[in-house]
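Here is the structure we will look at.
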Amino acid sequence: MIKIKKILVPTDLREQSLAGIKYAISLAREHGAEVLVLHVVDEAATTKAGMVPPEEEMLFPREWAPIGEVSRRFIDIELKERRLDLYGLIYGHFEAQEIRSVKVTLLVELGDVAEEIVSAATEQRCDLIVMASQGKGWLARMISGSMSEEVARKAPCPVLTIQPSAVVQDNGRWIQARSLVERGAVSHA
12 MIKIKKILVP TDLREQSLAG IKYAISLARE HGAEVLVLHV VDEAATTKAG
62 MVPPEEEMLF PREWAPIGEV SRRFIDIELK ERRLDLYGLI YGHFEAQEIR
112 SVKVTLLVEL GDVAEEIVSA ATEQRCDLIV MASQGKGWLA RMISGSMSEE
162 VARKAPCPVL TIQPSAVVQD NGRWIQARSL VERGAVSHA
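For the sequence shown, this note's numbering assigns the number 12 to the initial residue and increments by one for each residue that follows.
Right, dumping it as structure tokens:
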């Protein structure tokens with residue numbers, strides 16, 4: 012039997028990603044594994060090639076600090092906000108008993124999303140990556156590719172993608188992952 016000790020589950024902080032998180036927690040409970048929930052702030056989208064958002068310009072005029080320092084402050088603020096968002100996503104949608112039974116570690120990184128997922132899996136020595144499928148249409152996949160496909164090509168471990176219609180064990184009952192999202196991923200005892 013394959014030993015699963017660490018499961019990485021990336022999230023974009025949207026409701027759709029809860030199915031993957033729930034599935035990872037369920038797997039971790041079965042295998043006695045740790046779950047690492049990762050959110051990656053897309054550096055390209057955040058920094059806009061080094062440009063500072065207008066509100067940052069107002070808070071830190073250019074004569075007060077070099078542009079790089081202002082951008083760094085903006086990024087630090089963004090990362091702190093995303094950590095709070097991730098904390099809220101996890102602890103706002105899961106009951107304490109669900110999380111208490113599994114070690115859950117929250118990670119927030121800045122960079123290219125696929126690269127950071129692969130990097131975290133490598134550095135943390137993860138045995139499995141669980142990703143919720145975002146259900147891109149065929150045209151979007153053809154143009155930009157699929158995040159899960161890119162991660163699967165580069166990952167140091169297996170990648171399991173979860174469709175919203177996937178069946179998940181929830182407190183001994185098998186239910187669709189979609190219903191977990193619809194009801195806020197809160198289990199009923």
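Glycine included, each C-beta is placed from N, C-alpha and C at the ideal position.
Of all C-beta pairs linking the stretch 97-108 to the stretch 133-146, fewer than three are shorter than 8 Å, placing the two stretches out of contact.
Collapsing the DSSP output to three states places Thr22 in coil. Residues of the same chain with a CB within less than 7 Å of the CB of Ala132, apart from the 5 flanking positions on each side, are Leu19, Ile140, Ala166, Pro167 and Cys168 in chain order. Secondary structure note for Ile13: it is in no alpha helix (DSSP H), with a DSSP letter that is neither H nor E. The C-alpha of Glu109 is placed about 13 Å away from the C-alpha of Leu29. Per DSSP, reduced to three states, the secondary structure at Val113 is coil, with no helix or strand assignment. As the crow flies, the alpha-carbon of Lys16 is around 17 Å from that of Gly31. Ile36 sits away from Val52, with the two beta carbons spaced by 8 Å or more. In this model, Ile86 and Gly122 are separated by some 11 Å (Cα to Cα).
Straight through space, the alpha carbons of Arg25 and Tyr34 are spaced by roughly 16 Å.
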